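All remarks here apply to the structure that follows.
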Amino acid sequence: MQTLEENPHNIKINLAKILTNLLHYLLPWTIPTLIIISWQLASINGLIESTILPSPWQVVQTTITSLQSGVLEQNMAISLYRALSGFVIGGSIGFLLALCTSLSQTLNLLLDSSVQMLRNIPHLALIPLVILWFGVGESSKISLVTIGVLFPIYINTYHGIRSVDSNLIEMGHSYQLNSWQLFWHIIIPGALPTILMGVRYALGVMWTTLIVSETLASSAGIGYMSTNAQSFMDMSTILMCIMIYALLGKLSDLMAKSLETSLLNWQIKGGMING
Amino acid sequence: MHKLVKRLFSTIFLVFIIASAVWGYTLTREDSSSSLETITIGYQAGDPIDIAKTRGQFIKKMKKAGYKVVFKQFQNGSAEMEALASGNIDYARTGDTPPVTALASGSSITFVAAGSSKAKGSGIVATKSSGIKSISDLKGKKIAYTSNTSSQYMIMQVLKKAGLSTSDVTLVDMSQSDASVAFAKGKIDAWTNWDPYTSSAELTYSGAMIVTGTTVGASNRDYIISGSYAKNHPAASKALIKYLGQDMTWANTHKTKLVKMMTKSLKLPKKVVERMVNRRSYSLKAVSTKATSEEQAISDSFYTDGITKKKVKISKYVLNLK
Amino acid sequence: MADTILSIENLSKKYQGKVALNSTNLKIKNGEFVALVGQSGGGKSTLLRLIAGLEPMTSGTISQNNQLIHGINSNTRVMFQDDRLLPWKTVRENITFKKPKNSETAEVVNQLLERVELQGFADAYPASLSGGQRQRVALARALFVNPEILLLDEPLGALDALTRSKMQKLILDLWQERKMTVILVTHDVHEATKMANRIYVVKNNKIEATFENPLAYPRTDATCTNLSTTILNKIIDQD
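Here the protein sequences line up with chains G, P and Y, keeping their order.
Going by UniProt numbering, the first sequence opens with residue 1, and the numbers climb by one from there.
Going by UniProt numbering, the second sequence opens with residue 1, and the numbers climb by one from there.
Going by UniProt numbering, the third sequence opens with residue 1, and the numbers climb by one from there.
Below, the structure is given as structure tokens:
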């Protein structure tokens, strides 16, 4: 990211810079805004039937009533719980598996090809198995998310560790670091950029898998709200859920990004904090 | 300074996220402190179980009888049959068709109770533009149905009655939600389904019901189905039938309240719910010989048409409570 | 002080059966600046890595101050062509790596950074420094522990000519100030003659020739030319 240094001596340039800055902020929002405005207009003029596609305003009203009754908050909290626990469990398993396969040649030979085989199975295909093993309670939903999150974390951790600069590892040896110090001071920070890329991708997978998992024998969650609305063609609730997915997706992406900026500031920034 | 504010903001945000997740966790926990025997019942939105659940009396009565009831909502009957087979739920409310196909595919299930006929609310709705007035007009038209539901039996019976074969019409197998959009947009001419979809199609999309289950002998009753649980727990099954039956009696005598309740829970227009409620009655009793023979007819018809691969004697699977 | 600090006897190294260094003998005195020159693949880097203990030897002995060296030689520090700084640590953290952080070490780091003209960069990350600056940090890091012997493996190979000659001067100055022993591996004969007291030509996996270089410091390009030519001829000379 390029930071634009302000120059107090030249107001003209300053103004121009503010305008470009503003443009940079606004530009990504123009297309969504235009779509929503024209959609609302089309609904008002009766170009779109409200039973097929309710107007944005109707969706906003639905959202407000759902919030007021507390239904939306509860369902979001439940979805969040499922998503996060699945993410933590899947992320840890993927991470630990990747540590095993990337640091030990024997375990690599033993496990990696199996993981690569499992990786390409579509999650949807696993639903009957997940129901058989974990039932229809919370554990089945969380385990589906776990499976979804596991692989991107695994792959990225594996590649991250495998591609740590061997010169830095040798440097660590020359400092007589023990295995743990080598792992903690050199291998993990070196692999971190790739691991965080995996985290960012996994966060996206987390939501999509969760939505699918919440369609099976569920009585709560955003995915449930949406499928339940679907069976009675409650279009404004469906649209509300779609908006929430988009929002949650954007939010997790932002979280991952800020995690990257705070953990990898050595990559981006020129340092010189006191300078 | 800017950095500090950013850090503070992310910390607050993180705490908020984790707190919400913890709250979500507590919401998913059912109180497991009681020593009551837990019964899990599968249902679908708007069905008799949903009424009993929303009314709230059923849970209380079952608790007194020593059972803790947990409800699980499903999207369709096949999913309920899967969950019954794997023992994840103990009872399920379905339509008349899923148990028939489940039996034919070798699942061991039991008919616990049967409801009253919903024949008047089940049938074929034609779009205004299709020009279909009677079942003989169906020839050459595009008709939607949903496989493994009562609509599959319905369309077969209607075609037989009209003297048509499946090659005389275009049958499209669609989910309820897909068919609903297709019907509203006029992409299909007719839609085989049941209430509240039929009422909704009539009132919201100005469709016309050209034939109902009454004409072709398709009752589309509700059934309470169990895996092995009902057989091993006759007392639970008896209590279940008794209290559900009481809720059904209540439903018949409190239609205004019922309409209000279901309008809210189904998020459907009031007039749609009204029509649905007023053209049916509610009951749940031990399976009668009439209901058994209806199921046998569906089973035989599916076998003859090659939809199922096994001949099943339904009466062998009906729960006998003395 | 002319006592031997490093003594190498019959040192050999094989990589998967291939000879990399063949029965080499070498004695280096305390405070000397020696250079190992030769074509790449000749064994000069292998020799340096064996002294540092980065590779196990196949046979022979290395002793420093009459003590046999096994494994990592902690009385030496190596500086490589690539800086090998940890990108996720600041300049200060890189220099004090694996050492306690206290006011004493902080003061040592400040003095070192001043000496290599990087005062004010203590909290910068390597990514924000130029190649030359990074090599100076690497030098400061190597000197931080006061090694008896400083091992330089083509440390200036990747720098531009101007930066390179500045670094050569800096290294020479530090050598004289600190009275340490320096072993420089370089393919640049001119660099060797400008900096070292003694130059070994490493060729065909052994030390082929030794040249004393008694010229007084500071040396200019002109004063070194003759010796450089002689050494260069020795290197390209076919057997």
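Beta carbons: idealized from backbone N, C-alpha and C, even for Gly.
Computed from a prediction, not measured in an experiment: that's the story for all the values here.
Between which two residues does the alpha helix (DSSP H) carrying residue i extend?
i	result
Glu-93 of chain Y	91–95
Thr-289 of chain P	289–304
Gly-190 of chain G	188–213
Ser-165 of chain Y	161–178
Ile-59 of chain P	57–64
Ile-78 of chain G	71–103
Ala-126 of chain P	No alpha helix (DSSP H) contains Ala-126 of chain P, which is instead part of the beta strand (DSSP E) from 123–126.
Val-185 of chain Y	From DSSP, Val-185 of chain Y is part of no alpha helix (DSSP H) but of the beta strand (DSSP E) over 181–186.
Gly-131 of chain Y	131–144
Ala-83 of chain P	77–85
Arg-115 of chain Y	103–115
Thr-193 of chain Y	189–195
Leu-151 of chain Y	It is not in any alpha helix (DSSP H) - Leu-151 of chain Y instead sits in the beta strand (DSSP E) that spans 149–153.
At what residues does the beta strand (DSSP E) containing residue i begin and finish?
i	result
Thr-149 of chain P	Unbroken run through Thr-149 of chain P: none, as it is neither H nor E.
Asp-173 of chain P	170–173
residue 323 of chain P	In the structure as shown, chain P starts at 1 and stops at 322, and residue 323 of chain P therefore has no counterpart that could be examined.
Tyr-67 of chain P	67–73
Ser-7 of chain Y	4–15
Glu-37 of chain P	37–43
Ala-92 of chain P	91–94
Leu-8 of chain P	It is not in any beta strand (DSSP E) - Leu-8 of chain P instead sits in the alpha helix (DSSP H) that spans 2–28.
Arg-198 of chain Y	198–203
At the level of alpha carbons, what is the spacing between residue i and residue j?
i	j	result
Thr-28 of chain P	Ile-298 of chain P	39 Å
Asn-66 of chain Y	Thr-4 of chain Y	9 Å
Ile-235 of chain Y	Leu-227 of chain Y	12 Å
Ile-132 of chain P	Ile-210 of chain P	8 Å
Tyr-25 of chain P	Asn-75 of chain G	11 Å
Leu-170 of chain Y	Ser-12 of chain Y	34 Å
Gln-75 of chain P	Tyr-205 of chain P	23 Å
Pro-147 of chain Y	Gly-31 of chain Y	12 Å
Ala-35 of chain Y	Glu-191 of chain Y	9 Å
Phe-71 of chain P	Leu-258 of chain P	19 Å
Lys-255 of chain P	Ala-45 of chain P	18 Å
Tyr-67 of chain P	Val-212 of chain G	32 Å
Trp-207 of chain G	Glu-73 of chain G	17 Å
Asn-205 of chain Y	Gln-39 of chain Y	10 Å
Thr-214 of chain P	Tyr-201 of chain G	55 Å
Lys-270 of chain P	Lys-120 of chain P	19 Å
Ser-32 of chain P	Lys-231 of chain P	Residue placement at Ser-32 of chain P is flagged as unreliable, the pLDDT there being 49, under the threshold of 50; a coordinate-derived value is accordingly withheld.
Lys-27 of chain Y	Leu-110 of chain G	49 Å
Ala-235 of chain P	Gly-42 of chain P	19 Å
Gly-91 of chain G	Val-181 of chain P	40 Å
Ile-36 of chain G	Pro-152 of chain G	34 Å
Val-15 of chain P	Gly-157 of chain Y	51 Å
Thr-263 of chain P	Val-273 of chain P	6 Å
Ser-103 of chain Y	Gln-81 of chain Y	31 Å
Leu-85 of chain Y	Ala-127 of chain Y	10 Å
Arg-141 of chain Y	Tyr-175 of chain G	11 Å
Are the beta-carbon atoms belonging to residue i and residue j less than 7 Å from one another?
i	j	result
Lys-142 of chain P	Ile-109 of chain P	no
Thr-192 of chain P	Ile-89 of chain P	no
Ile-231 of chain Y	Val-185 of chain Y	no
Ala-65 of chain P	Arg-221 of chain P	no
Asn-156 of chain G	Gly-198 of chain G	yes
Trp-23 of chain P	Ala-83 of chain G	no
Thr-96 of chain Y	Thr-105 of chain Y	yes
Val-145 of chain G	Gly-86 of chain G	yes
Ile-135 of chain P	Ala-179 of chain P	no
Pro-99 of chain P	Tyr-223 of chain P	yes
Val-287 of chain P	Leu-103 of chain P	no
Gly-292 of chain P	Ile-314 of chain P	A small correction: the amino acid at residue 292 of chain P is Thr; Gly does not occupy that position in the sequence shown. Taking 7 Å as the Cβ cut-off, Thr-292 of chain P and Ile-314 of chain P qualify as a contacting pair.
Gly-190 of chain G	Leu-182 of chain G	no
Which runs of the beta strand (DSSP E) spanning at least 3 residues fall entirely within the region 192–260 of chain P, listed in chain order? 208–212 and 223–226
Quick one: complete beta strand (DSSP E) runs, 3+ long, within the region 19–67 of chain Y? 33–37 and 59–64
By the 7 Å beta-carbon criterion, what residues does the region 182–215 of chain G contribute toward chain P? Thr-215
So if I threshold CB-CB distances at 9 Å, which residues from the region 121–147 of chain Y count as touching chain G? Phe-121, Ala-122, Asp-123, Ala-124, Tyr-125, Pro-126, Ala-127, Ser-128 and Leu-129
Counting only runs of 4+ residues fully inside the region 24–74 of chain G, write out the alpha helix (DSSP H) ranges in chain order. 56–69
Taking only beta carbons into account, state which residues of the region 43–73 of chain Y come closer than 7 Å to chain G, listed in chain order. Ala-52, Leu-54 and Ile-72
Residues of the region 86–104 of chain Y in Cβ contact with chain G at a cutoff of 9 Å, in chain order, please. Leu-86, Pro-87, Trp-88, Lys-89, Thr-90, Val-91, Phe-97 and Lys-98
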